[in-house]
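Below is one structure, written out as structure tokens, with a few remarks after it.
And the structure:
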């Protein structure tokens, strides 16, 4: 019982007499989560929010990560995101189950499968050093069924690089702007596009950037309307939010 379609099929089975109400109730009671002792795996996350539960790898042992992913895979979950996973843990998990590992954003996808992608999310970075956070955002959005276009190293130090991609920016339904230092990229993009902008401050920069705090405050104080801000280095949160925005009003048949 891992998505809305499964529940709908169960209700139809009750309606046509194929399943008793008592058995249907038992299935629904058993479906929401499984208690592993160290984690309570939420199988109804996709029903409530449209995407399966994501595993935050930092702070978890490789055994815990593997156990959660295996439990989800046994229930038919695909494209399970594991964020902030180190290479050693990724190798350990990969030995036990199908896993795609992306070292730069420290992200992995367990039980990878094909996904239809819709809409258009643009992920832009101020510099190449912002790529790890940007790739976390881009891969998160792709795994959640969105078409993603990457525009890397288009920061304000060379504004012509950004302006030469106006056709790409103006075709987006949401733009994720990833930048460190003074974080000006989000304001610039916010003043150019006609769609929501999700700003991601990164910890890239010299001493006075205070580990991304300078970029965070700049983005929070942006004079560009329609610009929202996530936490420092939170590429996952940006990709997730961009996905929700992109999929709110998808054209029929796309």
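Residue numbers (the working numbering): 92 to 345.
Note that CB positions come from ideal geometry on N, CA and C, so glycine has one too.
Mind checking which residues open and close the beta strand (DSSP E) that includes residue 191? 190-193
Within 8 Å, do at least three Cβ pairs link the stretch 290-302 to the stretch 143-159? no
Note down, in chain order, each residue of its chain lying with its Cβ closer than 8 Å to the Cβ of residue 344, except the 5 sequence neighbours on either side. Residue placement at residue 344 cannot be trusted, given a pLDDT of 46 that sits under 50; what the coordinates show is reported in the next sentence. No residues qualify anywhere along the chain.
Tell me the DSSP secondary structure of residue 153 in three-state form. helix
Taking just the CA atoms, how far does residue 154 sit from residue 277? 39 Å
Local Cβ density within 10 Å of residue 307, reported as buried at 16 or more and exposed below that: buried
Measure the C-alpha to C-alpha separation of residue 230 and residue 108 and round it to an integer number of angstroms. 43 Å
Best match in 337, 335 and 324 for proximity to residue 175 [C-alpha to C-alpha]: 324
How many whole angstroms separate the CB atoms of residue 265 and residue 336, which I take to be in contact at a CB cut-off of 8 Å? 4 Å
Find out if the Cβ-Cβ distance for the pair residue 328, residue 196 is shorter than 8 Å. no
Closer than 8 Å is the cut-off here; do at least three beta carbon pairs connect the stretch 186-194 with the stretch 244-253? no
Proximal residues to residue 311 (C-beta, below 8 Å), its chain only, five neighbours per side dropped: 320
Identity of the residue in 317, 274 and 167 nearest residue 248 by Cα: 274
Where do the ends of the beta strand (DSSP E) carrying residue 210 lie? 209-216
Please list, in chain order, all residues of the same chain as residue 217 whose beta carbon is under 6 Å from its beta carbon, the five residues on each side excluded. 246, 270 and 276
Exposure label - residue 342; buried when at least 16 CB within 10 Å: The predicted model places residue 342 with a pLDDT of 49, which falls under 50 and marks its position as unreliable; any figure quoted below should be read in that light. With fewer than 16 other Cβ atoms within 10 Å, it is exposed.
Ignore the nearest five residues each way along the sequence and tell me which others in residue 203's own chain have a CB closer than 8 Å to its CB. 169, 170, 189, 190 and 191
Going by DSSP, name the residue or residues bridged to residue 319. 289
Straight-line Cα distance separating residue 334 from residue 260: 16 Å
Local Cβ density within 10 Å of residue 157, reported as buried at 16 or more and exposed below that: buried
Integer Cβ distance of residue 303 from residue 294, believed to fall under 8 Å: 4 Å
Name the residue from 165, 223, 238 and 215 whose alpha carbon lies nearest to the alpha carbon of residue 284. 215
Indicate whether residue 199 and residue 173 have their beta-carbon atoms separated by less than 8 Å. yes
Grab me the residues of residue 161's own chain with a C-beta within less than 8 Å of its C-beta, minus the 5 sequence neighbours each way, in chain order. 187 and 188
Grab me the residues of residue 225's own chain with a C-beta within less than 6 Å of its C-beta, minus the 5 sequence neighbours each way, in chain order. 214, 216 and 269
Can you tell me whether DSSP reads residue 174 as helix, strand or coil? strand
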